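The sequence shown: position 15 = 1266 (the numbering used here), numbered continuously. Every residue gets a Cβ at the ideal spot worked out from N, C-alpha and C, and that includes glycine. Quantities reported herein were computed from a predicted structural model and do not represent experimental measurements. Each remark here refers to the structure printed beneath this line.
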Amino acid sequence: MRKGIVLSYNKDVKYGFISDLNGQKIRFYNDDDLVILNVGDLVQFAIGVIKNRPCAVNIMMLCRNQNKVDKHN
């Protein structure tokens, strides 16, 4: 699984972008109303394909809204 930081999230359309720890921007879609993601959250995720595009799936919150994150943990 990869780790990354939430770059953006639009609650109305339920999608956003994660920057993985290699700097790659990955789209995600959050259809779970119980999971609230905010910009700056550290998350863990897998890569899947939705509508023929790579995207983050199985997103798990690791740390909420951190300005400085240890990228090696």
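Buried versus exposed, by CB contacts within 10 Å (16 or more), residue i
i, result
"residue 1281", "buried"
"residue 1310", "buried"
"residue 1302", "exposed"
Residue i, enclosing beta strand (DSSP E) - first and last residue
i, result
"residue 1288", "Taken as a continuous stretch (DSSP letters only), residue 1288 belongs to no beta strand (DSSP E), as it is neither H nor E."
"residue 1272", "From DSSP, residue 1272 is part of no beta strand (DSSP E); its letter is neither H nor E."
Neighbourhood of residue i by C-beta, 8 angstroms cutoff - its chain only, sequence neighbours within 5 removed
i, result
"residue 1267", "1257, 1258, 1259, 1260, 1261, 1278, 1279, 1281, 1288"
For residue i, the three-state DSSP class (helix, strand or coil)
i, result
"residue 1258", "strand"
"residue 1303", "coil"
"residue 1349", "Outside the shown range of the chain (1252 to 1324) lies residue 1349, about which nothing can therefore be said."
Own chain, CB closer than 7 angstroms to residue i, minus 5 neighbours either side, in chain order
i, result
"residue 1304", "1278"
"residue 1312", "1292, 1294"
Check whether residue i and residue j have beta carbons under 7 angstroms apart
i, j, result
"residue 1293", "residue 1314", "yes"
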